[in-house]
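Heads up: the structure comes next, in structure tokens.
Protein chains in written order, with our numbering: chain A, 2 to 497; chain B, 23 to 308.
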């Protein structure tokens, strides 16, 4: 136990401190940008990022992963904030946390195994596109200064790391923000700054209970939002956990992560922050900077709030163009370039699932719906593929006018039709033997189609003998454990 | 058949572990397994603080980290093989027939590996400190206490200049743990033919005198040459160590972690203290 805590927190102190600092600097522009997407003051996102990062450092299930206010969540809140205001958002954040904790106790984190790789890729790409699209309002109907600054900002972000010595030791997004702010102040450019977008925090967050009436009506308003937020938050967190697992060759505790996200969101809601979740881009930055332990997440949150509270005067001077440049970088970094490159290599069904996920998300601005569609499509494609694994051979014994059909493979709803059409009912026979001992019947549709075949043969006056039905239909039983006890299966089957 | 497992690493302690496990192997006549665990504790530290992510950063980063891990693992694997080869040579030199020796390397955490093999373990031999503490002579390795708390098998802690014991001491206090330890000593061939000092220390020992006598009878019944001693003193720990020095005891046997965690926290643990302060090899029984 103690060993585990030591391993999680203090096994990588120097790198965790440095990486946490780099992440904190990158979190500030994101938290502000996502607050603007959600339509709330920047301080709501900044408080949220601080609370979530610090709390998840203790209660999360994936050391080294960064959680804070995110774009995926912000996009879901837009209408709630617009129609009902900030207090309802805080209430929805609390409820989101409660739902996520419940999901953790119900071990819903294990459901992630149904989310295939192509759905995850689709989710990530859709997220990148959404983050990019959210920047467009800042780039329309503005003066040429803004375009120039955004382009220069991107140039600094991607070229500064090639500067010898300094390049590898100073976060280039920070260099971009500082130099763009300096340019705007020196030339006194009249362009939009962070200060124009709303209130910045000047104190530490304080405890406050959302000022909403505690009644059924409030619940009905926030529940749909909270459900969406909870699902998207868990999805993105668990996907990010997978990515971090892969990068660091370690494993994470998914259900603890679900509960942790819930606790962090409750904490955020009570301190005036919006709901958040794990961040793919920031977590990659953290790992890239050498962060591995819980300490890196904790430092990121703590350093963020220190910077923000002391530097609020300066932060309000940051031109939006610099933020846009950073967010474009985040969106480019989140996008899975390999998925475009591999489109030709991957099978069509995989590509369809990925592209459908992206398309649905971009159309609905709701990642949960996109993932749902993706998972559904992936399952259908899979069912179709497995359904092809069924073949029926037959041979005829002329002396007794008997034909024996041997069924091999998987019989269930997608292959049931093919199963029926594989029998020749027009042949004049005395007897038909259907050997099912090498087949698997997976559902009631399969059993129904067998009944149909038997009935058809009987109508033609053919005597039907079915062999091996017991073995074949054992797979219908939902719980694998029962399979080992033949008597239990018979009991189960006789009940149907 | 259950084995003696010897934990080998690159520290100074490895040589003691070799001699100690060779001695134990000859006493118990059980197969000896030399174990080296490749722990993944530290990370490649080529942190890049540029804080930006571009197209394909994730893929590149994964490649880069896997490459670094791979390089490090290959080196450690090679080094581990060399250590195990060296250990085998020493154990054979100490008189163990080479058919009885096997070697094993695993990528895992030490405690997890030992737990996995626990059902098959008869005796575990470890050094007091590992690679990380080679410079500090009386430090206790980070693994040792953890392993002794987790594993429910006898653990022999080898110290510098290990030699076959000529006298051993069994610290006895009449507790459940101590009685269990007593029984194990009586039944095991490990100490056959080695004189035993059965020692009780503490205040007001007269109450427990009968238990001590019973324990003596039990050991004598098992064919041991037993000397008993009662150390009537406040400072149990110091008294035991003083006795060890006085009587030239060369191995200390005790039941380990007998008390509840709370009591250990409040009063300090005897086992913990002995792990830190004993000058002679320890055999911890659970």
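Quick reminder that beta carbons are idealized off the backbone N, C-alpha and C, glycines included.
Does DSSP put residue i in a helix, in a strand, or in coil?
{"i": "residue 211/A", "result": "coil"}
{"i": "residue 278/B", "result": "coil"}
{"i": "residue 279/A", "result": "strand"}
{"i": "residue 342/A", "result": "helix"}
{"i": "residue 224/B", "result": "strand"}
{"i": "residue 327/A", "result": "helix"}
{"i": "residue 186/B", "result": "coil"}
{"i": "residue 418/A", "result": "helix"}
{"i": "residue 273/B", "result": "strand"}
{"i": "residue 42/A", "result": "coil"}
{"i": "residue 255/A", "result": "helix"}
{"i": "residue 71/B", "result": "coil"}
{"i": "residue 217/B", "result": "coil"}
{"i": "residue 123/B", "result": "strand"}
{"i": "residue 128/B", "result": "strand"}
{"i": "residue 318/A", "result": "coil"}
Using CA coordinates, which residue listed in the options is at the minimum distance from residue i?
{"i": "residue 134/B", "options": "78/B, 62/B, 104/B, 295/B", "result": "62/B"}
{"i": "residue 182/A", "options": "316/A, 351/A, 95/A, 107/A", "result": "316/A"}
{"i": "residue 277/B", "options": "214/B, 267/B, 200/B, 298/B", "result": "200/B"}
{"i": "residue 39/A", "options": "214/A, 72/A, 175/A", "result": "72/A"}
{"i": "residue 32/A", "options": "363/A, 463/A, 276/A, 64/A", "result": "276/A"}
{"i": "residue 360/A", "options": "14/A, 95/A, 92/A, 127/A", "result": "127/A"}
{"i": "residue 238/B", "options": "196/B, 176/B, 274/B, 54/B", "result": "196/B"}
{"i": "residue 236/A", "options": "281/A, 327/A, 225/A", "result": "281/A"}
{"i": "residue 509/A", "options": "440/A, 178/A, 404/A, 357/A", "result": "Beyond the ends of chain A as shown, which are 2 and 497, falls residue 509/A; an answer cannot be given."}
{"i": "residue 295/B", "options": "211/B, 150/B, 207/B", "result": "150/B"}
{"i": "residue 85/B", "options": "289/A, 446/A, 440/A", "result": "289/A"}
{"i": "residue 1/A", "options": "155/A, 323/A, 170/A, 135/A", "result": "This structure gives no information on residue 1/A, because the portion of chain A shown stretches from 2 to 497."}
{"i": "residue 211/A", "options": "196/A, 330/A, 179/A, 270/A", "result": "270/A"}
{"i": "residue 5/A", "options": "214/B, 131/B, 142/B", "result": "131/B"}
{"i": "residue 328/A", "options": "161/A, 174/A, 112/A, 215/A", "result": "174/A"}
From what residue to what residue does the beta strand (DSSP E) around residue i run?
{"i": "residue 398/A", "result": "391–398"}
{"i": "residue 213/B", "result": "Taken as a continuous stretch (DSSP letters only), residue 213/B belongs to no beta strand (DSSP E), as it is neither H nor E."}
{"i": "residue 442/A", "result": "432–442"}
{"i": "residue 148/B", "result": "143–149"}
{"i": "residue 180/B", "result": "177–180"}
{"i": "residue 28/B", "result": "25–29"}
{"i": "residue 404/A", "result": "403–412"}
Cutting at 7 Å between CB atoms, please list the residues of its own chain near residue i, excluding the five before and the five after it.
{"i": "residue 301/A", "result": "21, 24, 25, 28, 54, 67"}
{"i": "residue 256/B", "result": "225"}
{"i": "residue 42/A", "result": "36, 199, 200"}
If you draw a straight line from the C-alpha of residue i to the C-alpha of residue j, how long is it?
{"i": "residue 98/B", "j": "residue 230/B", "result": "53 Å"}
{"i": "residue 150/A", "j": "residue 186/A", "result": "13 Å"}
{"i": "residue 306/B", "j": "residue 119/B", "result": "26 Å"}
{"i": "residue 420/A", "j": "residue 458/A", "result": "14 Å"}
{"i": "residue 254/A", "j": "residue 374/A", "result": "26 Å"}
{"i": "residue 386/A", "j": "residue 355/A", "result": "17 Å"}
{"i": "residue 141/A", "j": "residue 147/A", "result": "10 Å"}
{"i": "residue 344/A", "j": "residue 223/A", "result": "40 Å"}
{"i": "residue 273/A", "j": "residue 285/A", "result": "27 Å"}
{"i": "residue 223/B", "j": "residue 59/A", "result": "45 Å"}
{"i": "residue 202/B", "j": "residue 234/B", "result": "14 Å"}
{"i": "residue 429/A", "j": "residue 465/A", "result": "13 Å"}
{"i": "residue 249/B", "j": "residue 101/B", "result": "46 Å"}
{"i": "residue 299/B", "j": "residue 110/B", "result": "30 Å"}
{"i": "residue 185/B", "j": "residue 138/B", "result": "30 Å"}
{"i": "residue 36/B", "j": "residue 30/B", "result": "5 Å"}
{"i": "residue 27/B", "j": "residue 49/B", "result": "14 Å"}
Can you find the residues in the same chain that come closer than 6 Å, C-beta to C-beta, to residue i, ignoring five residues on each side of it along the sequence?
{"i": "residue 321/A", "result": "139, 193"}
{"i": "residue 265/A", "result": "53, 56, 57"}
{"i": "residue 8/A", "result": "none"}
{"i": "residue 92/B", "result": "none"}
{"i": "residue 332/A", "result": "129, 132, 133"}
{"i": "residue 378/A", "result": "354, 357"}
Since residue i is in the alpha helix (DSSP H), which residue starts that stretch and which ends it?
{"i": "residue 292/B", "result": "292–299"}
{"i": "residue 82/B", "result": "79–115"}
{"i": "residue 266/B", "result": "258–268"}
{"i": "residue 148/A", "result": "145–160"}
{"i": "residue 171/B", "result": "164–172"}
{"i": "residue 219/A", "result": "217–249"}
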